[in-house]
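Notes follow once the structure below has been shown.
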Amino acid sequence: MSKPAPTQPDPPPPAEAAAAPLPASPPLEILLIFLRLGCTCFGGPIAHLGYFRAEFVERRKWLTERAYADLVALSQFLPGPASSQTGFGIGLMRGGLPGALAAWTGFTMPSAVLLVLFAFGAGSIAGSPAGAGLLHGLKLVAVAIVAQAVMGMARSLCPDRARASIATGALVVMLVAPWSVLQIGTIAAGGLAGWLLCGRDAAPEADGFAMPVSRRFGAACLAAFFALLALALVPLPAGPLALFDAFYRSGALVFGGGHVVLPLLRNAVVVPGWVSDSTFLAGYGAAQAMPGPLFTFAAYLGAVAGVRPGGIGGAAIALFAIFVPGILALLGTLPFWHALRARPAAQAAMRGTSAAVVGLLAAALYDPVWTSAVKTPVDLAIAATGFVLLVAWRAPPLLVVALSAAAGSALGLLG
143 MSKPAPTQPD
153 PPPPAEAAAA
163 PLPASPPLEI
173 LLIFLRLGCT
183 CFGGPIAHLG
193 YFRAEFVERR
203 KWLTERAYAD
213 LVALSQFLPG
223 PASSQTGFGI
233 GLMRGGLPGA
243 LAAWTGFTMP
253 SAVLLVLFAF
263 GAGSIAGSPA
273 GAGLLHGLKL
283 VAVAIVAQAV
293 MGMARSLCPD
303 RARASIATGA
313 LVVMLVAPWS
323 VLQIGTIAAG
333 GLAGWLLCGR
343 DAAPEADGFA
353 MPVSRRFGAA
363 CLAAFFALLA
373 LALVPLPAGP
383 LALFDAFYRS
393 GALVFGGGHV
403 VLPLLRNAVV
413 VPGWVSDSTF
423 LAGYGAAQAM
433 PGPLFTFAAY
443 LGAVAGVRPG
453 GIGGAAIALF
463 AIFVPGILAL
473 LGTLPFWHAL
483 RARPAAQAAM
493 RGTSAAVVGL
503 LAAALYDPVW
513 TSAVKTPVDL
523 AIAATGFVLL
533 VAWRAPPLLV
543 VALSAAAGSA
553 LGLLG
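Here you go:
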C-alpha cells in the first residue's frame, strides 16, 4: 500500500506576502524626492498630506493606505508641524535616520532659503499680476490634490457603516468647531469608537514595516524633548541661546502646526522687541507664497531678529529650534506606537483614528483649502480639471501643478 503523497504547504495569503519589509532607499534618492516635493507642495499642511499620499502610497507604494493614515494620525497628536513630521516618518521608515534627515532637509530647505532671501530684500513673486495669478493657480491645484486624497482614503479606510459614521462625525465636529485642540480630541474619540465598533478580535494586519528606531532611543528622545522644553521656559539674556529657546518653545507647544504657531511666534519675537509688527507681517505674507511647511517662517524671523547672531546664523538657529521638538516627539513615540499598533485591540482603535483622519481631511478640504482658493466659476473649472486629470487620467501630480500654475498666471495677466 503506497503512502499518500505529502501535502504541499499552502502559499502565504496575499496580506502576509505583502508584509515583507520593503528594501531601504539610499538617502540621496529620498533627498531628491523630497526636494522636488519641497519645491512644488503649495497649499498648506493639508495639501502636503495629499501630495505625500499621491507620491508614496499611490505612485511609489512605499506605504499602505492604513500605515499612512496611522502615521498622519500620530503626527496630528504630537506637537509640531504635522505634514513635516509625516514626511520625516516616511523617510525614517524607508531609509532609517539618514533617510529621515534627508526627507526633512529636502522638504524644508527650498522655502527656508527663499524666505531668507526675502529677508535680505530679494522681494516676492506675488508683486506682479502674473506672479499673483500663478500663486492662485497653485492654490487651486491644492483643491484637486486634497480632494483626490480624501476620495482615495475614504474608499480604503471607510469601507463599512461604522467607519463611514466615524469619518462623518469627525467632519461635522471640525466644520462646526475647527479648533486644533478639538482636532486632537476628535482623533482620540475616533480611536475609542474604533475600539468599540471595529472588530477588536480581528486578526492583526501587517504592513511590512520594521521600525528602525529602538525603544531605548525613543525614550532618550522623549527625555531630550522635555529637558529642552524645561530649559526653554527659563528666562535668558538676549543672544543665540535665548533665540534657540524662543523658537524651541514655539515648536514644542503648538499642536496641529501651520497657522496655529503664528501667535506663539509673535509672542516669542515681537513682544520682546526683536522684530517689529510690520516686519513680522511682511514675512508672514511672503511665507504664504512659498511651497513647503509654514514653519520655515522661523528662518525669516531668525534672519531679521534684532538679537545675535542675526542673518544666516540666526536663520539656521531659528529653523533648527522650531523643528527639533516635533522631530524629537515623533522619534520618541514611534517605537512604542509601532509595537502597540500590532495588537488586535490597538488595530481596531487605529481603524477608528484612520476614519477620523479622513473626516478631518474632508473638513479641511472645505476650509481652508476650498474657501481660500475657489472664488469664481473659472476657479472651479481649473480645480475640477485638475481633479479629473489626477483621478481619471492618472496624470503625474507635477504635471497638474504646472498646468494649474500656468492657467492661474494667464488669468492674472488677463486681469
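The opening position of the sequence shown corresponds to residue 143 in our numbering, with each subsequent residue numbered one higher.
Every residue gets a Cβ at the ideal spot worked out from N, C-alpha and C, and that includes glycine.
| Query | Result |
| --- | --- |
| C-alpha distance - M235 paired with L556, whole-angstrom precision | 47 Å |
| For F397: DSSP bridge partner residues | P221 |
| Sub-9 Å separation of A458 and L313 beta-carbons | no |
| Straight-line gap, E207 to G453 (C-alpha atoms, nearest Å) | 42 Å |
| Where the alpha helix (DSSP H) containing V288 begins and where it ends | 271-299 |
| Extent of the continuous alpha helix (DSSP H) run through F465 | 453-482 |
| Host alpha helix (DSSP H) of C181 (start-end) | 169-182 |
| Residue span of the alpha helix (DSSP H) that contains Y558, given as start and end | Summary: the structure shown does not reach residue 558, with the chain confined to residues 143 through 557, and so no result is reported for it. |
| Where the alpha helix (DSSP H) containing L370 begins and where it ends | 357-374 |
| Local Cβ density within 10 Å of L174, reported as buried at 16 or more and exposed below that | exposed |
| Status (buried if at least 16 other CB within 10 Å, exposed otherwise) for A534 | exposed |
| Local Cβ density within 10 Å of F422, reported as buried at 16 or more and exposed below that | buried |
| Integer-rounded CB distance, given that Q227 should sit under 8 Å from L472 | 5 Å |
| Nearest-angstrom Cβ-Cβ length linking M293 and G180, presumed shorter than 8 Å | M293 to G180, Cβ: 25 Å. No contact. |
| Cβ shell of G501 (< 6 Å), same chain only, five flanking positions each side left out | A309, A312, L313 |
| Buried versus exposed call for T438 [16 or more other C-beta atoms within 10 Å across all chains shown] | buried |
| Assigned secondary structure, A161 (DSSP; H/G/I helix, E/B strand, else coil) | Residue placement at A161 is flagged as unreliable, the pLDDT there being 44, under the threshold of 50; the coordinate-derived value follows with that caveat. Residue state, collapsed to three classes: coil. |
| Rounded separation between A447 and T527 - CA only | 43 Å |
| Inter-residue CB distance, G263 and G393 (contact presumed, cutoff 8 Å) | G263 to G393, Cβ: 27 Å. No contact. |
| Three-state secondary structure (DSSP) of P155 | Low confidence applies here, because P155 scores a pLDDT of 40, under 50, leaving its location unreliable; read the following figure in that light. Three-state DSSP puts P155 in coil, outside helix and strand. |
| Nearest-angstrom Cα separation, counted from P486 out to P109 | Residue coverage of the chain in this structure runs from 143 to 557, which leaves residue 109 outside it and unanswerable. |
| Assigned exposure category for R493 - 16 Cβ within 10 Å defines buried | buried |
| Pairwise C-alpha distance: L216 and A361 | 17 Å |
| For V449, the three-state DSSP class (helix, strand or coil) | coil |
| CB-CB length for L553 against G275, believed under 8 Å | 5 Å |
| Residues of its chain near L170, where Cβ-Cβ distance is below 6 Å and the 5 sequence neighbours each way are ignored | none |
| Any 3 or more C-beta pairs closer than 8 Å across the stretch 177-195 and the stretch 240-254 | yes |
| Alpha-carbon to alpha-carbon, L545 and H261 | For clarity, residue 261 is Ala in the given sequence; the question names His instead. Rounded to the nearest angstrom, the two C-alpha atoms are 30 Å apart. |
| Alpha-carbon spacing of A284 relative to A189, whole angstroms | 5 Å |
| Test item: CB-CB of I469 and F230 under 9 Å | yes |
| Neighbourhood of A244 by C-beta distance below 8 Å, restricted to the same chain and skipping five residues each side | P169, L170, I172, L173, F176, G233, G237 |
| Distance CB(G384)-CB(G336) smaller than 9 Å | Here the sequence assigns Ala to residue 384, which means Gly is not the residue at that position. Contact: no. |
| Under 9 Å between C-beta atoms of G333 and T495 | yes |
| Residue burial classification, T328 (beta-carbon count within 10 angstroms, cutoff 16) | buried |
| Same chain only: Cβ atoms within 8 Å of Y442, ignoring 5 sequence neighbours per side | L257, V258, F260, A261, G425, A428, A429, A457 |
| beta-carbon V396 near the ligand NAD non-hydrogen atom, thresh 8 Å | Questions concerning the ligand NAD fall outside what the structure shown contains, since it holds no ligand whatsoever. |
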